[in-house]
Structures are given as structure tokens and as C-alpha cells.
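Here the protein sequences line up with chains A and B, keeping their order. Each residue of the first sequence is one higher than the one before, counting from 1 in full-length UniProt numbering. Each residue of the second sequence is one higher than the one before, counting from 1 in full-length UniProt numbering. For reference, the structure is listed below as C-alpha cells.
Number of protein chains: 2
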Amino acid sequence: MMKALLAALAMAALILPLRAETVASVASPGKVLSVSISIDGDGRPTYSVSRQGKPVIAESRLGFLLTDAPKLERNLTLASSEVTPHDETWEQPWGEWRFIRNSYNELRLHLKEKIAPGRKLDIVFRVYDDGVGFRYEFPDQAALKNVHIGEELTEFAVADPAEAWWEVGGEWNRYEQLYQHTRLDQVSQAHTPLTVKTDKGLYIAFHEAALVDYAGMWLRRVDGQRLKSVLSPSSQHAAKVTRLAPFNTPWRTMIIADSAPALYMSHLELNLNEPNALGDVKWVKPYKYVGIWWSMHLGLETWGSGPHHGATTENTKRYIDFAAANGFKEVLVEGWNYSWDDDWFANGHELSYTKPYPDFDIKEVAAYAKSKGVKIIGHHETFGKIDNYEAQLPAALDLLASLGYDSIKTGYVADAGGLRVKGPDDKLYYEYHDGQASSVHHLKVVTEAAKRHIAVVDHEPIKDTGLRRTYPNWVSREGARGQEYNAWGNPPNPPNHESLLFFTRMLAGPFDFTPGALSLTGKGGQKIQNTIAHQLADYIVIYSPVEMACDLPENYAKYAAAFQFIKDVPTDWQDTQVLAGEPGEYVALARKDRKSNNWYLGAVGDNSKRSLTVKLDFLDKKHHWVAETYLDGKDADWDLNPHAIDIAKRDVKPGETLTLNLARGGGAAIRFVAK
Amino acid sequence: MMKALLAALAMAALILPLRAETVASVASPGKVLSVSISIDGDGRPTYSVSRQGKPVIAESRLGFLLTDAPKLERNLTLASSEVTPHDETWEQPWGEWRFIRNSYNELRLHLKEKIAPGRKLDIVFRVYDDGVGFRYEFPDQAALKNVHIGEELTEFAVADPAEAWWEVGGEWNRYEQLYQHTRLDQVSQAHTPLTVKTDKGLYIAFHEAALVDYAGMWLRRVDGQRLKSVLSPSSQHAAKVTRLAPFNTPWRTMIIADSAPALYMSHLELNLNEPNALGDVKWVKPYKYVGIWWSMHLGLETWGSGPHHGATTENTKRYIDFAAANGFKEVLVEGWNYSWDDDWFANGHELSYTKPYPDFDIKEVAAYAKSKGVKIIGHHETFGKIDNYEAQLPAALDLLASLGYDSIKTGYVADAGGLRVKGPDDKLYYEYHDGQASSVHHLKVVTEAAKRHIAVVDHEPIKDTGLRRTYPNWVSREGARGQEYNAWGNPPNPPNHESLLFFTRMLAGPFDFTPGALSLTGKGGQKIQNTIAHQLADYIVIYSPVEMACDLPENYAKYAAAFQFIKDVPTDWQDTQVLAGEPGEYVALARKDRKSNNWYLGAVGDNSKRSLTVKLDFLDKKHHWVAETYLDGKDADWDLNPHAIDIAKRDVKPGETLTLNLARGGGAAIRFVAK
């Protein structure tokens with residue numbers, strides 16, 4: 001009684017943190033990054049990441065809550081592990097780079113529960129010199145066949161104090177909020193990509209790759225610098241993810257670099273996706289397009305029927321003529337189908353994807369387009385009524401294919417928890433844009449479209465996780481705050497919008513931003529906070545294989561000299577080099593046309609005047625180079641003199657240093673022609 | 001074509017924020033606080049709160065996501081509203097105050113959806129001079145009968161920049177983390193109560209009242225100063241809350257005051273609970289107790305069987321003798337029942353609540369206790385295996401009742417997502433401690449116990465939301481980081497732990513903190529970061545109607561002079577007055593014994609020396625007063641000289657000013673005896 005015992009008690013094991021032991025580790029091919037795995041005395045695995053020997057991600061937990069089984073997070077032991085090197089180079093059918101090197105060392109952990117029922121879980125890390133990806137793999141096993149994931153417990157404990165650029169996650173899931181710039185310890189819950197810069201100058205971008213049949217991941221800050229996954233909910237199941245083993249989670253990704261430009265130069269996102277699953281995809285063609293669209297946003301025409309209906313046969317022919325005359329390959333027509341006339345949110349379920357408005361003769365339009373060498377982009381706004389859209393999907397796509405369409409733009413304008421889907425029980429459920437049900441729906445549309453050689457661009461979509469590698473017909477998304485906010489946004493996009501997007505959202509993939517509003521004027525005369533050169537630079541800065549020239553034809557007539565850059569600029573690239581940049585301040589980059597030797601430079605800044613010097617090292621010495629420059633005029637200023645632009649042509653030399661004077665809200669666009 | 005239209009377009013209604021109109025408002029009885037309700041052009045209701053005309057809570061949204069129906073958040077109109085005054089005074093059967101005034105103005109809003117299916121939702125605000133509570137009421141209606149709440153969208157937008165004292169919510173749901181002190185814009189996701197102090201000096205404590213058959217609310221910061229409800233998940237339903245209308249949500253509460261002491265003086269929490277539902281509750285008796293408990297935490301005895309088993313007949317008799325000799329009414333015995341011998345987390349389901357260990361003769365112990373005028377506190381550790389506990393609950397309680405027990409302490413030592421419950425489908429699910437299933441379970445235990453006139457204290461419980469008013473046998477909880485962490489916590493509780501808890505957790509209700517560790521020594525000699533006077537002061541500072549003297553009998557023999565205060569102090573009060581305090585810095589308060597005219601003062605500080613002056617205004621002039629003072633000795637210091645205490649007796653006068661010199665980790669305890 002009351003005598004001191006030397007024997008360790010069970011209590012101690014439950015409460016006192018036991019020292020974690022390192023059980024496995026792996027370094028990147030160039031020994032820049034390394035990942036270390038520990039398991040503590042309770043059998044809890046953690047990972048940590050270091051760069052050149054210094055901690056980047058401190059010990060961070062791994063595991064799952066399951067709704068109908070004990071959590072899979074402790075009592076784990078490492079049964080075995082393997083390290084495998086990998087090095088290949090693959091070719092993108094279209095993209096920012098033609099060739100992508102994929103060089104990493106893979107560490108595969110086979111974890112097993114020490115106690116009954118002895119469940120198994122594999123975790124696979126792929127460690128690159130510029131980043132880390134890891135995913136969980138649920139093996140085929142009797143002890144865990146039907147997997148019901150209540151929450152994923154993955155942590156990302158940033159080792160050093162940092163600042164962050166982020167968008168609120170889980171709140172309004174159109175990804176169309178403005179990004180915030182705060183200290184990392186002021187992040188609440190963020191969408192990915194989330195970009196941080198430590199006070200030591202290291203940049204880390206968190207995201208995920210290959211989000212397939214799984215819920216999208218938000219990052220919630222627990223406390224301090226520790227982020228943790230929160231999966232987007234399901235409205236059909238208590239589990240956020242319901243899967244049958246074997247299956248893999250998406251990759252949890254961190255690009256880690258010592259400069260902001262190096263973040264964008266990483267190919268981690270694409271490399272962690274599976275190769276092209278569609279075979280020959282020559283039918284997926286990058287293009288530029290115009291469309292019946294900006295006029296609606298300005299309030300000049302309507303999506304719905306009536307005297308100002310935009311999508312009429314006559315008006316579409318006018319746009320076809322304009323496209324043909326100016327080298328645009330496609331024309332977007334929004335508002336062509338029943339029925340946009342009531343409360344969209346309430347009545348979207350009545351939308352028909354096969355019944356045009358009477359003033360839109362779909363066959364006549366198609367024949368006219370064909371005669372002019374132009375294609376129509378089909379438009380499928382769902383208003384989030386996925387049940388209605390899926391029911392009509394085969395017929396809707398067949399109709400477009402029969403008319404020669406090779407591209408659709410879909411839309412999901414519904415708020416958080418507002419995607420209506422039909423469950424297997426035929427009941428209707430209201431899902432998040434980034435839940436498992438949404439991930440399944442999107443791939444259904446993409447693969448159905450692929451069968452008909454149709455490319456997909458979606459608006460208010462699930463986030464981009466690099467699936468364009470596997471499904472190259474998923475060409476782009478309007479999945480961030482785009483130009484439309486310059487028409488009616490309150491506020492409109494700020495001057496540094498694109499220089500912030502470049503180092504955050506653009507790490508995920510293409511964005512159908514719809515640049516080219518050369519009038520610089522939104523609805524009711526609202527000022528766009530850009531110079532005209534900035535709008536041109538967006539064609540280089542905001543990558544998309546399909547790029548719109550969004551403005552009205554009469555505005556292009558008015559700004560014909562600047563419009564020339566839009567006519568010239570390609571949308572498919574051989575190479576991309578980021579020359580300089582800081583998130584939300586400025587970025588300058590150069591892209592090489594895939595079909596010629598020409599290079600294009602784009603630079604955008606923020607709400608201050610800025611002088612940037614860039615070296616033309618990217619120009620080869622084999623050619624003579626002529627630069628066609630579209631630069632902010634001397635007194636250019638988004639507020640006071642937005643249309644001031646200096647357009648000139650001069651010879652330049654490889655290696656030459658160029659000074660770019662960016663106005664407030666300014667930009668620079670340059671075409672380097674190889675002679 | 002392309003002509004400007006003057007007609008407003010549907011687009012504008014969707015995108016441009018429309019001006020909100022004030023549709024209803026109500027002020028508190030003393031016109032201190034007022035609440036204003038607006039509905040914007042999209043039919044979105046918001047509320048805001050002001051104090052003496054200045055904004056406290058800016059426009060904050062209201063509403064719900066439903067999993068199987070369109071969200072209930074917009075397209076709403078105010079059908080009607082009523083304002084009703086209320087003023088009553090009611091008596092607590094036990095508590096910090098005997099009489100509670102409940103004076104508020106109620107604003108009832110009848111909202112109705114403008115579009116089909118025309119669902120109805122009532123929102124009721126009760127506005128006090130020191131706080132606001134509001135709840136949603138789902139009326140009986142055909143259009144919304146089975147309510148499946150995916151998320152509650154309630155916001156709390158704090159108008160001014162502020163600092164915050166908070167505990168991470170949703171992460172590890174034992175509520176046993178240390179509280180943090182950060183800027184409000186560094187809060188991630190918090191449990192309630194969450195206390196903030198604006199830079200203008202206003203204090204606001206957010207919490208909820210009457211959490212019945214609903215999910216507990218976490219507060220997630222969205223951005224800036226805007227907090228938003230996140231309901232604890234369900235593992236059985238996609239909906240976090242599944243209810244049949246009509247029903248009400250818990251009250252969302254804000255105590256609003258211009259001083260920290262005034263937060264604690266508010267009765268908002270109790271007033272928003274329903275009156276006593278149990279009838280005559282004279283059988284619920286506040287008490288002090290000792291127990292077989294600290295010895296296990298020190299590693300001197302074991303919960304499990306074996307040579308060092310604590311809960312033996314012999315040892316229990318020793319504690320009964322000690323209790324009887326020193327005026328303690330009850331003895332807690334942990335580890336009396338099968339089976340604590342394996343991995344608790346894994347094997348808790350084998351626990352029996354009716355089968356004592358062979359060395360614990362439950363009948364002999366009960367008879368012995370009765371002979372000494374002492375009662376045994378039953379102990380039911382579930383290890384989170386609620387299915388097992390509920391299956392045995394009636395028999396387990398019957399056994400205790402038959403033996404004359406009038407109190408049980410339950411326990412739920414399981415991590416987040418670890419409460420195992422049996423669904424109506426007989427399958428097992430793993431739930432959060434604060435989800436709807438847990439709220440139902442806890443009330444089941446409390447009401448089952450009430451039938452047998454047994455009081456309940458729970459460890460690792462769902463949070464306290466004032467239900468002791470309705471169920472006065474739910475006397476206390478060990479629902480925060482208690483003294484046990486001073487035995488083995490890493491770190492142990494910091495010196496300012498109680499002065500922080502007082503203005504956060506203690507706003508929720510009683511806490512079975514188990515004070516009285518006069519040895520000031522934890523396991524393996526770990527120092528408790530308190531002086532001995534601080535441990536005494538905890539009996540006043542940390543209110544519970546059942547208070548333990550947790551230390552070993554031999555330690556009380558060693559510190560007999562200080563122990564006198566523990567023997568003297570009551571646990572049921574006529575009145576409480578908070579004299580001074582700031583969260584996490586210090587607090588001084590006085591409580592008046594319910595059974596005599598004596599007053600008791602307690603004060604605790606933080607990790608610095610501090611001199612406090614308090615006026616003895618609370619002493620009435622009808623009596624002659626003798627103060628028995630237990631004050632930090634001259635060189636007292638938790639680290640260097642923790643046992644230095646000045647114990648003295650002297651006459652004091654009402655209105656006299658007393659200076660209390662608190663040591664580092666120090667405290668002061670005073671008994672004012674009315675002669």
C-alpha cells in the first residue's frame with residue numbers, strides 16, 4: 001500500500017508522450033529534400049521533411065478516423081518498407097512545357113496494426129528535389145474491406161514561422177474568393193493550393209494531386225503553424241469518403257523551393273498523376289475563342305429569352321464572322337438552351353441541354369460555323385442540378401458531337417452544399433462542390449465527353465489536381481475569381497490579382513480566366529483595375545490551353561493595335577521560364593510557342609509602380625530576334641490613364657537586359673519573333 | 001443588340017450584394033444591449049448586436065445546410081415577429097448563487113421561405129443586459145418534417161479587433177488541452193466557451209446553452225474576426241443532426257460585459273436552460289469527498305488487479321475511516337470493477353459494471369461505509385465503449401442504488417471519433433464526444449441515474465451547457481484539464497491555469513477539478529506549479545458542488561494546518577461576488593456559505609508575484625467578523641518555496657481593504673467567520 005512501484009504502469013503508456021523512433025527515411029535524387037518516418041510508443045506514425053538538412057515540416061501525424069471501425073492511427077508497426085528510384089521524361093500533348101522530367105525516390109511503407117484486427121495500411125512517399133507527394137494506399141484485406149473514412153488525420157506542421165497566401169476553404173466552394181495574405185498563424189481553414197513563405201525565405205505550396213473518387217482536402221490550422229486535413233463532407237454518407245479496398249487516396253503534395261518562381265517551375269502536380277488514359281488525343285486542340293458572354297455580364301444582353309437575348313442565330317453568326325476574320329477557332333454561346341428565365345437557383349432542374357431557344361437555330365449556326373472554319377463551344381450550365389444534367393448527359397453530348405462541336409463549357413453556379421445529386425436510392429442530396437460525389441461527377445462528364453472527342457472546360461468546378469495528364473480533354477477550368485468579377489464584382493479584381501494567383505491557384509493547373517477586356521470597363525462603367533498592357537500580359541501569365549478574347553467585337557475594333565497581340569499569342573507552349581516574382585507583388589515569365597521558335601513574355605505587378613529587369617537568356621543565339629513590345633505608356637495608371645500603351649518593334653539580343661516599367665495595375669507583353 | 005439596357009437583370013440579383021433592410025429589433029430590459037435583424041435582397045437574414053449604441057457583433061448570417069433539401073438560409077421573409085418581456089427570480093437547489101434573476105426581452109421571428117416549398121423557421125432572441133441568447137425553432141410543418149442538418153451556418157462577427165482565450169476544438173475532444181491566449185484573428189477552430197476581449201475593453205464569452213439531442217458547436221474562424229459554427233459530426237448519418245420537427249436547437253450564447261468579473265457574474269447560461277424537470281431534488285446533496293485515485297496517478301497503486309491494486313476492501317475501509325474522521329461525506333473508489341488489466345482502449349468493451357474484483361467486497365464496503373456515516377461514489381469508466389455501458393446501465397445503477405450509493409463518477413477516456421455507440425441497426429459506430437449521439441447518451445445516463453436518486457459527475461464528458469438547471473443530479477464534470485495533469489502532465493498545469501479557466505471554462509458550469517494536492521508533488525516528484533495556498537484557493541475559485549480532497553491521507557497529516565481550510569470549506573453557496581480579475585492573470589472572489597453566514601475568499605494569480613487589494617464590502621455589518629487567513633508566506637514561490645504559508649486569525653471589518661500578496665503560482669484562501 002502506498003509504496004512506490006518501479007514497474008511501469010499502463011497509465012504511463014496512455015498519457016506520457018513516448019519517444020518516437022525513426023523507422024524509415026528517403027532522400028530526393030539530388031539529396032535536396034529528405035523525408036523521415038517515425039513511430040512513437042503508441043504506434044503512431046509521423047513524417048517529417050527537411051531540406052538540405054534543415055527542418056521544413058516538423059513531425060506530422062498520419063491516419064484516419066473511420067465511422068464504423070476504430071480509428072487507423074495508432075497501434076501501428078512497420079512491417080516492411082522499400083525505396084525505389086524513378087526517372088523518366090514524358091511528353092505533354094499540350095501544356096506549359098512539352099517535356100516533363102519525372103525523377104524521384106519512392107519510399108513505400110507497409111504498416112500493420114499490432115492488435116486485432118491487424119489492419120494494413122500502406123503509405124507511399126515520392127520525394128523530388130523540389131517537392132514531396134505522399135498518399136495512403138488501402139490494400140485488399142478482409143479486415144478492412146468497406147472503408148468509411150470519417151476524417152483524414154494528415155498533418156502538415158510547418159517548422160518555421162511564415163506568411164501565407166490563401167483562400168478560405170469550405171465556406172463558399174466556388175473557389176472564387178479573393179486570396180488573403182496573412183501570417184500563417186492567421187490562417188483559419190484554407191482551400192489548396194495554399195502557399196507559404198517562411199521567415200527564413202523558404203516557399204512551400206500545399207495541394208493535392210489526382211483527386212479521384214475521394215473528397216477534396218481543406219487545410220485547417222489546428223494551432224501555431226500546424227495544418228491538418230479536413231475532407232469535404234458527404235451528404236449521402238456519414239463517411240466523407242466511402243470506398244471499397246483496394247484503393248488509393250489522392251497525393252498530398254508540397255512543392256518546396258527557395259524562390260517563388262521555382263514553385264511554378266515544379267512539375268510535381270502533373271508527375272503525381274497517372275499517364276494519359278485516353279490514347280491518341282490529337283483531337284484535343286488548344287485554341288483561342290470569342291463568345292456571347294461579356295455582353296451579358298455588362299448587362300447589354302441576356303442569357304434568358306426576350307428582346308435582348310444574346311444567343312440568337314443572328315448574333316452568333318456575327319461572332320462567327322468576327323472569329324473567322326481574326327483567327328479565333330471557336331465561339332462560346334451561353335444562354336442557347338432552355339430555360340434561363342426564372343430563378344436560376346430554384347429552377348435549374350428544368351434546364352434542357354438538347355432544346356435550344358426558338359431564336360437559336362442550332363443546326364443553322366453549326367453549318368454556318370463550319371462554312372467559316374470555326375467551331376461552336378457547347379455550353380452546359382447546370383446551376384448545380386447534377387441529377388438533371390447527368391440524366392441528359394449522353395443525349396446532350398451526342399447532340400453536340402453530331403453538330404461537330406469539339407468543346408463544351410460546363411457550369412455549376414451553386415453555393416456551398418448546393419450541388420444536387422441523385423443517390424443510389426433515387427433520393428436527392430445536396431453536396432459540396434469538392435466532395436466525393438462531385439469528384440465522381442466531374443470525371444463522369446470528362447470521360448463521357450472524351451468518348452465523343454469533346455474537350456471540357458468547367459466553371460465553378462471541383463479544384464484542379466492535375467488530372468489533365470490522365471484525361472487530356474479536361475483542358476481548363478474557370479475555377480477561381482476570373483475576369484467576370486471585373487464586370488460586376490464588388491470589389492473587382494485588385495491590381496495584384498494575377499500576380500497572386502500565379503503563385504497559388506496557378507500551381508494547380510490551367511485557368512480559363514477569359515482575359516482581353518481591352519475596354520477596361522465593367523458593368524455600369526466600373527473601372528477594371530488594370531492597364532491595357534496588363535490585360536495583354538494575362539495571356540502569358542494565366543495559362544490555359546483555351547484562352548478567350550472576352551471583350552465585345554466593337555471594343556477590339558477600337559483597340560486594334562493592342563488586339564494584335566491577342567491575335568498573335570499562341571496557347572500551347574514548348575517551354576516556360578519564370579524570370580522573377582513574389583506572390584501578390586509581381587511576376588515576369590517567358591513562354592516559347594510550341595509551333596514556332598517565338599517566345600512571349602508577360603509581366604504583371606500590383607497597385608504600385610514598379611521597375612523590373614529581366615535578362616533575355618531564354619532567347620537562343622541561332623536566331624535574330626525582333627521584339628514586339630506592348631508596354632505601359634509613360635503615364636499609364638489603372639485608375640488615371642489605363643489605356644496608355646507603348647507598342648513598338650525593335651531588335652533585341654539574347655542575354656540582353658530589359659527594364660520593364662510597370663504602372664499601377666500595369667503589365668508588359670512582348671512577342672519575340674525569331675527570324 | 002449590344003444596346004444598353006436599363007432593366008435590372010436576374011444576374012445582378014445573384015451577384016451584387018443587395019442592401020439589407022432592418023426588419024426587427026429588440027433591446028434588453030435596461031437598454032444596455034440591443035439586437036437588430038436584417039434581411040437582404042436575397043432573403044438572407046442576419047443579426048447584429050450593439051451595446052450602448054456601439055456595435056459588438058456585426059451583421060452575422062443565420063441558417064442551415066440540409067443534406068437532403070435545399071439550404072435554409074435565403075429566400076426568407078419575415079412573416080411576423082413578437083417582442084415579449086420576461087422577469088422572474090428562481091432558486092437553485094444548489095449552486096454558486098441561491099437566487100437567480102431571469103430578466104430579458106424576447107424577440108421571436110417567424111421566417112418563411114418566399115419560394116416553394118415555403119418552409120418555416122423561427123428564430124428566438126433573448127436579450128439580457130449582460131448577454132444575448134438565440135436559438136432556431138423548427139416548427140411542425142409538412143414541408144420540413146425530417147430535418148437533416150448538414151451544417152449550421154450561424155456566424156458571430158466580432159465588430160472590433162480583439163484578443164482571445166480559447167481551446168482547440170474538434171481535434172481531441174476531451175476538452176483537456178491547455179487554453180491558448182492569442183489575437184482573435186489567430187483563432188483556428190475553438191471549443192466553447194471562447195472568451196474574447198476587444199481592444200476597446202469589451203469582454204464577450206461565446207458558448208451554447210441546453211445542448212439536448214443536438215451536436216455540440218465548435219467555432220471556426222472564417223477570416224478576420226468572423227467566427228462560424230461547425231457542428232460536431234455524426235458517424236451514423238451524413239447529417240450532423242437528425243431530428244423530427246418540431247424541435248429547437250441549443251441556445252447560442254454571448255455574455256457581453258465591460259469587465260472580466262462581470263462575465264462570471266452573468267446567469268445567462270442557467271437562465272437559458274429549462275427549469276428543474278426532476279421535481280423534488282433534496283436527494284441531490286453537495287459534498288466533499290476523498291478517494292482511491294491520486295495514489296494511482298502517482299503510480300503507487302493500480303486500477304488493475306495485482307499486488308498493488310488500489311480498490312481493495314481493506315484500502316477502501318482506510319479511506320472511509322479517513323473520511324469519517326475528517327468530515328468528508330463520500331469516498332470515490334476507482335478500479336473496483338472488471339477489467340482494467342489489458343489495453344484499456346482496446347478491451348474496454350469487456351468491462352463489467354456489476355462484477356467487482358475479488359479483493360473488493362462491495363457489500364462489506366457498503367456496510368462499513370454506512371456504519372461510519374459515509375457513502376461510496378460509484379465509478380463507471382466506459383473507455384468510450386458506450387454500447388457496452390448502455391447495455392449494462394440499468395443493472396449497474398440498480399446495484400449501486402441497492403447498496404445505498406447516491407453518486408457516480410463516469411469516464412469516457414477515448415480520443416476524438418472514439419466513442420463507440422450502437423446504432424439502431426445494431427452496428428457499431430465511432431462518434432465524437434460532443435456529437436448528437438453523445439448528447440443523447442449523456443442525458444440517458446443522467447435521467448436513468450435520477451430515477452434511482454443518484455447524482456452524476458462525468459470525466460471526459462460532453463461540454464457543460466447549463467443542463468444542471470433542468471437535471472440537478474448532473475452535479476459536475478471533470479470536463480477540462482484537471483489536477484490529474486499535475487500528477488503526470490507534460491507539462492503540468494501552469495500557474496495561471498485556474499485564473500484562465502475561471503473566465504473561460506468556468507462560465508459553462510461546475511468542474512470537478514479535484515483540488516487539494518497539498519504535497520504539491522506529482523508522479524516521480526514532478527513539481528506542481530502552485531503554492532499550498534493556491535491549492536486551498538482552488539476550492540473557492542473552481543466551483544463544484546462536489547469537491548475532492550485529492551491527496552493521500554498521510555499528506556494531509558503532514559500539512560494538517562492547511563488541511564483545516566479544506567475541512568472547513570463548504571461546497572454550496574448562497575452568493576458569489578467576483579472582486580477582481582483578468583483572464584489568465586488573476587482572479588479574486590468571495591462566496592457565502594449557504595448554511596451559515598460565513599464568507600470564503602479565494603484568489604489565484606499567475607507566474608508572477610502580484611499584489612491585489614480587495615475591499616471587504618461583501619461582509620455585512622450585522623456580524624462581528626473573524627478572518628482565518630491562509631496566505632502565501634513571505635518567500636513563497638511555486639518553484640523555490642511552495643509550502644511557505646502564513647496561517648493566521650484576526651478580526652476584520654466590513655469595507656476594510658485587504659492586500660493580498662500572491663507569490664509566483666500563489667494564492668490566498670480566507671474564511672470569514674460571522675460571530
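In this text, a Cβ means the ideal position worked out from N, Cα and C, and glycines have one as well.
Please report how far the alpha carbon of residue i lies from the alpha carbon of residue j, in whole angstroms.
i: Pro93 of chain B; j: Val281 of chain B; result: 7 angstroms
i: Glu582 of chain A; j: Val56 of chain A; result: 20 angstroms
i: Gly348 of chain B; j: Lys422 of chain B; result: Residue placement at Gly348 of chain B is flagged as unreliable, the pLDDT there being 49, under the threshold of 50; the coordinate-derived value follows with that caveat. So the two alpha carbons sit approximately 15 angstroms from each other.
i: Val456 of chain A; j: Val333 of chain A; result: 15 angstroms
i: Arg74 of chain B; j: Gly43 of chain B; result: 5 angstroms
i: Thr77 of chain A; j: Val365 of chain B; result: 44 angstroms
i: Val127 of chain B; j: Ala159 of chain B; result: 18 angstroms
i: Tyr556 of chain B; j: Gly516 of chain B; result: 9 angstroms
i: Thr514 of chain A; j: Pro70 of chain B; result: 31 angstroms
i: Gln577 of chain B; j: Lys200 of chain B; result: 25 angstroms
i: Gly299 of chain B; j: Tyr353 of chain B; result: 24 angstroms
i: Leu144 of chain A; j: Asp593 of chain B; result: 58 angstroms
i: Val445 of chain A; j: Leu393 of chain A; result: 8 angstroms
i: Val604 of chain B; j: Asn530 of chain B; result: 9 angstroms
i: Ala262 of chain B; j: Ile100 of chain B; result: 15 angstroms
How would you call residue i, buried or exposed, if buried means at least 16 neighbouring beta carbons within 10 angstroms?
i: His86 of chain B; result: exposed
i: Gln52 of chain A; result: exposed
i: residue 718 of chain A; result: Because residue 718 of chain A is not part of the residues shown, which for chain A are 1 to 675, the question remains open.
i: Lys463 of chain B; result: buried
i: Glu314 of chain A; result: exposed
Using CA atoms only, rank isn't needed, just tell me which of the options is closest to residue i.
i: Leu518 of chain A; options: A:Glu498, A:Asn490 and A:Ala560; result: A:Ala560
i: Val331 of chain A; options: A:Gln436, A:Gly605, A:Thr242 and A:Lys409; result: A:Lys409
i: Ala663 of chain B; options: B:Asp606, B:Leu616 and B:Tyr630; result: B:Asp606
i: Glu171 of chain B; options: A:Leu153, A:Thr629 and A:Glu21; result: A:Leu153
i: Pro286 of chain A; options: A:Ala449, A:Leu400, A:Asp458 and A:Gly95; result: A:Gly95
i: Glu381 of chain A; options: A:Asn337, A:Ser402 and A:Ala369; result: A:Asn337
i: Ala20 of chain A; options: A:Pro29, A:Leu33, A:Glu59 and A:Gly30; result: A:Glu59
i: Phe156 of chain B; options: B:Ala449, B:Arg252 and B:Gly665; result: B:Arg252
i: Tyr485 of chain B; options: B:Ile37, B:His297, B:Leu121 and B:Thr192; result: B:His297
i: Val241 of chain A; options: A:Trp573, A:Leu202, A:Asp68 and A:Glu82; result: A:Asp68
i: Glu151 of chain A; options: A:Tyr600, A:Asp130, A:Ser80 and A:Pro233; result: A:Pro233
i: residue 676 of chain B; options: B:His497, B:Glu478, B:Ala487 and B:Gln529; result: A query on residue 676 of chain B cannot be resolved here, the shown segment of chain B reaching from 1 to 675 and no further.
Task: Entirely enclosed alpha helix (DSSP H) segments - the segment 221 to 271 of chain B, minimum 4 residues - done: Residue ranges of uninterrupted alpha helix (DSSP H) with 4 or more members, entirely inside the segment 221 to 271 of chain B and ordered along the chain, are 260 to 265 and 268 to 271.
Task: Selection of the segment 418 to 451 of chain A by Cβ proximity to chain B, strictly under 7 angstroms - done: Going along the segment 418 to 451 of chain A in chain order, one finds Gly418, Lys427, Leu428, Tyr429 and Tyr430 with a Cβ nearer than 7 angstroms to chain B.
TODO: Could you run through the segment 40 to 70 of chain B and flag, in chain order, every residue whose CB is less than 8 angstroms away from some CB of chain A?
DONE: In summary, the residues of the segment 40 to 70 of chain B whose CB is separated from some CB of chain A by less than 8 angstroms are Leu65, Leu66, Thr67, Asp68, Ala69 and Pro70, in the order they occur in the chain.
- [ ] Using a Cβ-Cβ cut-off of less than 8 angstroms, list which residues of the segment 214 to 227 of chain B approach chain A; keep chain order.
- [x] Taking 8 angstroms as the Cβ-Cβ cut-off against chain A, the residues of the segment 214 to 227 of chain B that qualify are Arg220, Arg221, Val222 and Asp223.
Open item on the list: Short of 8 angstroms Cβ to Cβ, which residues in the segment 542 to 554 of chain A face chain B?
Closed with: Here the close residues are Leu552 and Glu554.
- [ ] May I have a chain-ordered list of the beta strand (DSSP E) segments no shorter than 3 residues that lie completely inside the segment 463 to 528 of chain A?
- [x] Counting whole runs of 3 or more residues, the segment 463 to 528 of chain A contains the beta strand (DSSP E) stretches 474 to 478.
- [ ] Please list the residues of the segment 578 to 602 of chain B that have a C-beta atom closer than 8 angstroms to any C-beta atom in chain A, keeping them in chain order.
- [x] The residues in question: there are none.
Open item on the list: Output needed in chain order: residues of the segment 517 to 544 of chain A with a Cβ under 7 angstroms from some Cβ in chain B.
Closed with: Here the close residues number zero.
Task: Near-chain B residues of the segment 167 to 198 of chain A - C-beta to any C-beta below 7 angstroms - done: Within the segment 167 to 198 of chain A, the qualifying residues are Val168, Glu171, Gln180, Asp185, Gln186, Ser188 and Gln189.
Open item on the list: Can you pull out the residues from the segment 362 to 394 of chain A whose beta carbon lies closer than 7 angstroms to at least one beta carbon of chain B?
Closed with: Per Cβ criterion, the list is empty.
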